[in-house]
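Structure record follows, encoded as structure tokens.
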Amino acid sequence: QPGCVQIGILHTTGLGVERSEEKASALFMKACESGDMLGCARQGKLHYINRKGKSALAMTTKACDGGSVEGCHYLGMLYLEGIGVKQKLSEARKYFQGACDGEWLEACTMLGIMMSKGDGGSKNISRAKEVLEFACERKFQNACYRLKKL
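Everything in the sequence shown is counted per the numbering used here, starting at 260 for the first residue and increasing by one.
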């Protein structure tokens, strides 16, 4: 279903169309059910934002398993915050690593933060700096901010 995700995104923002999470959700599900992993990821993100843990977990897992780096990022967020799943920092870090490998800059930032603190694995300041520099060089401002704090 080409376009469903894009129209769904517009409904989440209200840009040029009625702002409606219900319509966005229906469009994301339609895309997801037709095999569009971005639709699954966006549905998972919507459920994450609204703290609907179990459905967020199902959607982000499907998206991540299907190759969506955005899905992997939000799956990492669920494990980081313990939403819909028992909090497990090592799992969060693993999913952030996968999403960062796919150049999802927000995941790189989260991974860098976790590495700098030793959350979910070994503490590695030099590797944390590398990951944050990668995202910062691509103009992700939160990464630049976090890099300066190290």
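All C-beta atoms in this analysis are idealised placements derived from N, C-alpha and C, irrespective of residue type, glycine included.
It should be emphasised that the depicted structure is a prediction, and the values quoted were computed from it without experimental measurement.
- Cβ contact annotation for Met373 (same chain, cutoff 6 Å, sequence separation greater than five): Arg352 and Gly379, in chain order.
- Looking only at Ser385, Asn383, Glu365 and Lys376, the smallest Cα-Cα distance to Gln400 is reached by Glu365.
- In this structure, the CA atom of Phe355 is about 22 Å from the CA atom of Cys291.
- Per DSSP, the continuous alpha helix (DSSP H) segment holding Gln356 begins and ends at Leu348 to Asp360.
- Apart from sequence neighbours up to five positions away, the residues of its chain that approach Glu280 with a beta-carbon distance below 7 Å are Thr271 and Leu305, ordered along the chain.
- Per the coordinates, the alpha-carbon of Phe287 lies some 6 Å from the alpha-carbon of Arg301.
- Counting the other Cβ atoms within 10 Å of the Cβ of Leu274 gives fewer than 16, which makes it exposed.
- Residue environment: Asp295 is assigned as buried (16 or more neighbouring CB atoms within 10 Å of its CB, all protein chains considered).
- Remark: C-beta atoms of Gly371 and Leu334 do not approach each other more closely than 9 Å.
- When DSSP states are grouped into helix, strand and coil, Asn383 belongs to the coil group.
- Taking a contact as a CB-CB distance under 8 Å, the pair Lys282 and Cys263 does not count as one, their CB atoms being some 11 Å apart.
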